[in-house]
Amino acid sequence: MSKTTDWDLYEVFVRSKRGLSHKHVGSVHAADGRMAIENARDLYTRRSEGESVWVIPAKQIIASDPAEGDALFGPAADKVYRHPTFYDIPDEVGKM
Amino acid sequence: MNAVYKTEDNPLFQYVLGLGDDALVLGQRWCEWLSKGPNLELDIASSNLALDLLGQAELFLGYAAELEGSGRSADDLAYLRDAHDFRNHWLVEQPNDDWGVTIARMAMFSLYHYHRLEGLTRSNDKFLSDVATKALKEVAYHRRFASEWTIRLGQGTKESHGRVQKGFNDLWRFVPELFETIDAEQKLADDGAIVASGDLRFAWEHDLDQVLEQASLVKPEGTGRLIGSRHNGHHSEHLGLLLCELQYLQRAYPTSAGAHW
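From first to last, the protein sequence lines stand for chains Z and Y. Going by this note's numbering, the first residue of the first sequence is number 1, and it counts up by one from there. Going by this note's numbering, the first residue of the second sequence is number 97, and it counts up by one from there.
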């Protein structure tokens with residue numbers, strides 16, 4: 001039997017309802033894409049969690065380097081004015 | 097009570113018993129994979145297949161108990177009958193052996209089960225058509241799972257190809273039984289309650305041929321012949337051993353002594 005380590009890791013995204021976006025729910029091991037869909041179905045959609053599944057080979061995901069976090073995200077930290085929180089909202093609008 | 101029914105006694109009861117026993121026995125075979133799957137994902141897949149089948153067994157055996165009308169429950173039928181009272185096919189009671197054999201058996205059975213249930217969705221028996229409609233969705237996945245795995249193993253390595261081919265070769269002798277139609281069953285079919293097993297063969301072969309072709313596997317030669325008849329309580333020696341495990345708890349600790357669930 002092949003070991004799980006011989007198989008690729010796939011990231012699983014499930015869309016719970018039409019109109020919503022696919023959301024990352026976890027990952028599965030699989031030898032190919034079809035098997036990844038089946039494994040994802042068995043792990044993540046048994047309780048009516050979704051109506052669509054995407055699987056993506058984990059190695060195809062290009063992620064940001066945590067060490068570069070300052071360069072990428074740091075500059076936003078002192079620019080609170082980028083959040084639309086300085087407007088007075090008329091009472092008539094109610095809760096947004 | 098352990099009466100061996102004659103084939104003509106209460107035919108609908110016996111037919112439904114067959115549906116329930118197929119699901120119960122194959123469900124137990126899938127349970128045997130738990131903790132032994134090739135990996136965690138397939139361990140969970142195996143338990144899902146087992147649970148689907150167990151759920152179908154409960155519904156069919158519950159209905160069989162009602163049709164029998166002698167006060168037995170689905171649990172009584174599952175846990176307190178001996179091998180010669182079971183009406184499942186020989187195919188489903190065969191040992192798991194390896195993953196190749198397990199997949200070959202599941203492909204052969206789930207294609208058969210799919211067409212049988214599909215026919216039952218048009219049954220004039222309301223209960224059967226309702227349960228078949230529900231179960232068909234599960235079995236549509238089972239046949240996909242088994243077909244994909246057949247193709248994957250067949251197209252995989254020399255080792256995987258050899259193992260799944262051996263599975264089909266070894267199990268091929270149990271095919272004729274799937275399509276045996278005894279008189280009592282034909283009568284049920286004529287009455288519109290079921291589709292006779294013999295009438296499922298064309299669709300089954302058609303689907304199986306496609307899977308085997310995609311998997312680069314060879315369809316075993318010969319049509320084989322019946323080894324024994326489940327309708328008369330004949331089974332291979334494997335069923336008794338399977339039941340020992342399946343029924344152990346209930347037999348060792350009868351309800352009167354406190355085994356409740």
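Glycine included, each C-beta is placed from N, C-alpha and C at the ideal position.
- Taking 8 Å as the CB threshold, Glu-49/Z stays off the interface with chain Y.
- About 10 Å separates the CB atoms of Val-291/Y and Ala-299/Y; that is not less than 8 Å, and the two are not in contact.
- Look at Pro-57/Z here: in three-state DSSP terms it is strand.
- Here the alpha carbons of Phe-86/Z and Gly-133/Y stand approximately 58 Å from one another.
- Going by beta carbons, Glu-49/Z and Val-80/Z fall outside the 8 Å limit.
- Under the DSSP assignment, Tyr-10/Z falls in the beta strand (DSSP E) whose first and last residues are 8–15.
- Every alpha helix (DSSP H) stretch that sits fully inside the segment 285–319 of chain Y and reaches 4 residues is listed by chain position as 297–310.
- For Gly-151/Y, the uninterrupted alpha helix (DSSP H) run begins and ends at 136–164, by DSSP.
- Here the C-alpha atom of Leu-224/Y lies approximately 26 Å from the C-alpha atom of His-331/Y.
- The C-alpha of Ala-31/Z is placed about 20 Å away from the C-alpha of Leu-130/Y.
- Listed along chain Z are Asp-42 and Leu-43, each with a C-beta nearer than 7 Å to that of Ile-140/Y.
- Tyr-210/Y is not a Cβ neighbour of Leu-274/Y, given a cutoff of 8 Å.
- Between the alpha carbons of Leu-342/Y and Gln-124/Y lies a distance of about 7 Å.
- Proximity of Arg-248/Y to chain Z, defined by a Cβ-Cβ separation below 8 Å, is satisfied.
- For Asn-192/Y, the nearest beta carbon of chain Z is not closer than 8 Å to its own beta carbon.
- Taking all protein chains shown into account, Thr-246/Y has 16 or more neighbouring C-beta atoms within 10 Å of its C-beta and is therefore buried.
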